[in-house]
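Mapping to this note's numbering: the sequence shown position 130 is 238, numbers consecutive.
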Amino acid sequence: MFAALDDVVGALSPKAYAAAKDFARKVHEDEKRREGRPRLITLPLDAFAARVQAVVNEGSHDALVVELFRELDDRGEATGLGLSAFKARLRGAHRTGLLTLRAWQATDGVQTPAMQASVVSHEGMTLHLVCCTAAPLPIPWGRPAPLLVPAPRWIEASQGRL
């Protein structure tokens, strides 16, 4: 097997060899950054949606598609997956109800180049954000005790506590 690989590597031009070496280095670095998590391109749609939703839920607000892609790429999980393919998988997950995408609204702030790059077209709509669905974290020390309502003054007076 390695002899065949050596033959292929030996047949590459210097430019092709350099490109293959750079790609192999990037894949190796991405594998180290992924910390054992699989690449998104290898996941079925439901697992892809679950992984993307988990990353969105790490924040406290909806995530722009481009910023989410950059975050996953920084973690090494987007190796082999371009932005257009990422958007296509998001569209498929949204279509099947695995994720919720929404449009940019005026309350989200001013329009930026990142917002323009995040456009995902779906059934005539222009969507930009993946919705955060995280429930608030539980309070570690339990639910707060109900408030004690002070007794009216006339009850205290009738009991002789004034």
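Yeah, the Cβ is synthetic: ideal placement off N, Cα and C, and Gly gets one too. Values in this document were obtained by computation on a predicted structure and should not be read as measured data.
Asked	Found
DSSP-derived helix/strand/coil call for G150	First, the amino acid is wrong: residue 150 is Thr here, not Gly. Helix at T150.
F156 versus L148 - alpha carbon distance	6 Å
Between the CA atoms of L153 and G200 - distance to the nearest angstrom	8 Å
Segment contact flag, the region 179-199 with the region 129-146, C-beta cutoff 8 Å, min 3 pairs	yes
Pairwise C-alpha distance: R203 and A225	20 Å
Sequence-distant residues of its chain with Cβ nearer than 7 Å to R145 (five each side left out)	E185
Check whether L191 and V238 have beta carbons under 8 Å apart	no
Sequence-distant residues of the same chain with beta carbon closer than 7 Å to L151, five excluded per side	R159
Euclidean distance between Cα positions of R133 and A126	10 Å
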